[in-house]
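What follows is a set of notes on a single structure, which appears directly below.
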Amino acid sequence: MKNLLVLILAVAPLAALQAQPRELSEHALKTFEIYKTIVEVDTSKAMGNTPKVARYLADELIAAGFPDDDIEIVRLGDLAALIVRYRGDGSSGKKPILFLGHMDVVEAYAKDWERPPFQLTSDDTNFYGRGTTDNKFGVAQLTSTFIRLKKEGFVPTRDLIIAFSGDEESGMTTTRMLAYERPDLAEAEFALNSDAGGGDLDVNGKAITYNIQAAEKTYATWEITVRNPGGHSSRPREDNAIYDLAAAIKTIQDYKFPVQYSDMTRHYFKVTGEQLGGELGEAMIAFAENPDDEAAAARLAKESSYIGTTRTTCVVTMLQAGHAENALPQSATATVNCRIFPGVPVGEIEATLRRVVANDAVEFKQTYEATESPVSELREDVLDAVSEAVNERYPEVQLLAYMESGGTDGMHFRRAGIPTWAVSGIFMNPDEMYAHGLNERVPIKAFYDALDHWSVIIHQLAGP
746 MKNLLVLILA VAPLAALQAQ PRELSEHALK TFEIYKTIVE VDTSKAMGNT PKVARYLADE
806 LIAAGFPDDD IEIVRLGDLA ALIVRYRGDG SSGKKPILFL GHMDVVEAYA KDWERPPFQL
866 TSDDTNFYGR GTTDNKFGVA QLTSTFIRLK KEGFVPTRDL IIAFSGDEES GMTTTRMLAY
926 ERPDLAEAEF ALNSDAGGGD LDVNGKAITY NIQAAEKTYA TWEITVRNPG GHSSRPREDN
986 AIYDLAAAIK TIQDYKFPVQ YSDMTRHYFK VTGEQLGGEL GEAMIAFAEN PDDEAAAARL
1046 AKESSYIGTT RTTCVVTMLQ AGHAENALPQ SATATVNCRI FPGVPVGEIE ATLRRVVAND
1106 AVEFKQTYEA TESPVSELRE DVLDAVSEAV NERYPEVQLL AYMESGGTDG MHFRRAGIPT
1166 WAVSGIFMNP DEMYAHGLNE RVPIKAFYDA LDHWSVIIHQ LAGP
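End of the sequence shown sits at 1209 in this note's numbering; the numbers just go up one at a time, nothing left out.
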């Protein structure tokens, strides 16, 4: 029956899904409906559509029985954040729990994709579309879970609060507002983030580990610029802004920051390596036993899924240069995005980049203040609740704390003093993670297997 259900869901439009009441639960239908609706709204930063998604989610929650007074859409210019309070009876005497996610997505250009990025499509294995993983999966699952619990008459023993941001992928303006300017949210005991964490599967679909994000690297960006008097393109100069910038870029590409580690990352590699096996698994174990093992570190550096766990990384992500095809460039600028190992000052990274570039004519401008955040040490009640949810699907999988190489809203909540753990319901092969890239996808099985994930966690942490 389960395989039949997945097949129906994968190939049928929503109207056809609703015509199969004996095959589908109300919760499955609602989760898919929300997912499809929000994936098909382009919420990249230039579109101004996060208020539209916030209004849609708010209306769905109101229709399920949430009072208008417990739902707030906070507008900041053309952005919006959504706050939803699920009121408890207070019987536990405990502070609220925050549930985080973000409604915006990274830009996607249809001409580059094999499928339309803002239409939910599928094949036999995956759902496709921008945001299917990052982070409309989490937003849909959390919203639908709140609706499900409300309709079931569940009364939590403490307040549960959704806090969905509207620009996590760009300026994090709404994130900062939620984390630093809302005393009602600051009273939370801790936060659970839907935007990271989750289970790793190998190529055969075997669960390797379930990873709880307990720390994040520091996100920092610089624009590096070379300027030049320019001139007519028919009279080339020895110095050229584009060539000089290209030389600087090449030195950044060639530079490898020193290997770094913590007890958490070493434990993560030890357990993951033992489960994964093979050449890569052996390298993980060797690194865990001796992070100074250059061969092991070099092997991990070849893996996009793991390189960020072993060192600071800096990469050029955008270019802007020249002003006319028949003129020598008067300026050339590259955007350099760095993910900095926790505990390393941002200023130290800029000093390193300046030293590596070794050209005083290259200007460095940090685009905004970086956010350094602490590690959230795992606590037993959260670990037990997540274990209950995960082990219902994969009874033997081990749960590990890990450091995120990317950045999420969690960094600001941690900095605001709210312990935060990311515990997505997704299980997938990390090499199939195309968030921010072309043809973003999520396994259909992962989507439907996650339907009970948040319900179990909430019952464990806030149930009678």
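All residues carry an ideal CB built from backbone N, CA and C; glycine is no exception. On a predicted model such as this, the values are computed, not experimentally measured, just so you know.
Buried or exposed (CB count within 10 angstroms, at least 16 for buried), residue i
i	result
P766	Any reading at P766 must be qualified, since the residue scores a pLDDT of 38, below 50, and its modelled position is unreliable; the value itself is stated next. Label assigned to P766: exposed.
P974	exposed
S1150	buried
P758	Residue confidence is low: P758 scores 44 on pLDDT, short of 50, so the model does not pin down where it sits. Its coordinate-derived value is still stated next. With fewer than 16 other Cβ atoms within 10 Å, it is exposed.
D1154	buried
P981	exposed
A1195	buried
K881	buried
V1168	buried
R820	exposed
V1201	buried
V1081	buried
A1069	exposed
W1199	buried
Closest by C-alpha distance to residue i, when choosing among the options
i	options	result
R800	K790, V786 and A791	V786
G833	A803, L894 and G846	L894
T1062	S1200, S867, H1181 and S889	H1181
G705	P812, K840 and M792	Here the chain has residues from 746 to 1209 only, and residue 705 is not among them.
P928	T1116, I1163 and S1007	I1163
M1009	R820, T1054, A952 and L937	T1054
F891	I816, A1077 and R1186	I816
I818	T919, V1135, E913 and G898	T919
R1084	G838, A1028 and M1156	M1156
D879	D1197, Q1205 and M1178	M1178
L1025	K1047, H1012 and K839	K1047
L824	Y780, R921 and Q998	R921
Y1139	G944, D813 and S1118	G944
T1058	N1184, F863, N1035 and I1094	I1094
K995	V1187, L1098 and I1052	L1098
E914	V1101, G1152, Y780 and G874	G1152
A885	A803, F1086, A933 and S789	A803
V784	P1209, R1186 and Y1193	R1186
Residue(s) in a DSSP beta bridge with residue i
i	result
D945	T954 and M1173
K697	The requested residue 697 does not occur in the structure, where the chain is confined to residues 746 to 1209.
H1204	Looking at the DSSP assignment, H1204 forms no beta bridge with any residue, so it has no partner.
I1030	Beta-bridge pairing links I1030 to no other residue.
H977	A1072
V1081	W967 and V1061
I818	L827
S867	F872
V1004	R1056
Test item: CB-CB of residue i and residue j under 8 Å
i	j	result
T877	A1207	no
T795	M848	yes
L1145	V1016	yes
G1018	D940	no
F935	V1131	no
L806	F844	no
M1173	A1191	yes
I907	V798	no
I953	Q1020	yes
T776	S867	no
V1107	I1203	no
K951	M1148	no
The alpha helix (DSSP H) enclosing residue i, as first and last residue numbers
i	result
V1060	Not the alpha helix (DSSP H): V1060 falls in the beta strand (DSSP E), residues T1058 to A1066.
P796	T795 to A808
F1014	D1008 to L1021
N985	N985 -> no alpha helix (DSSP H), and no H or E assigned at all.
P928	P928 to A931
T919	T918 to Y925
K790	Here K790 belongs to no alpha helix (DSSP H), and DSSP marks it neither H nor E.
L774	E771 to V784
N1136	E1125 to N1136
Residue i - containing beta strand (DSSP E), residue span
i	result
I828	L824 to Y831
H847	I842 to H847
M1148	Q1143 to E1149
S910	L905 to S910
N938	F935 to N938
A1167	T1165 to A1167
P1188	R1186 to P1188
Cβ of residue i within 8 Å of any chain D Cβ
i	result
A1031	The structure shown contains no chain D, having only a single protein chain.
heavy atom of the ligand COA below 7 Å from residue i C-beta
i	result
M922	The model depicted lacks the ligand COA and carries no ligand whatsoever.
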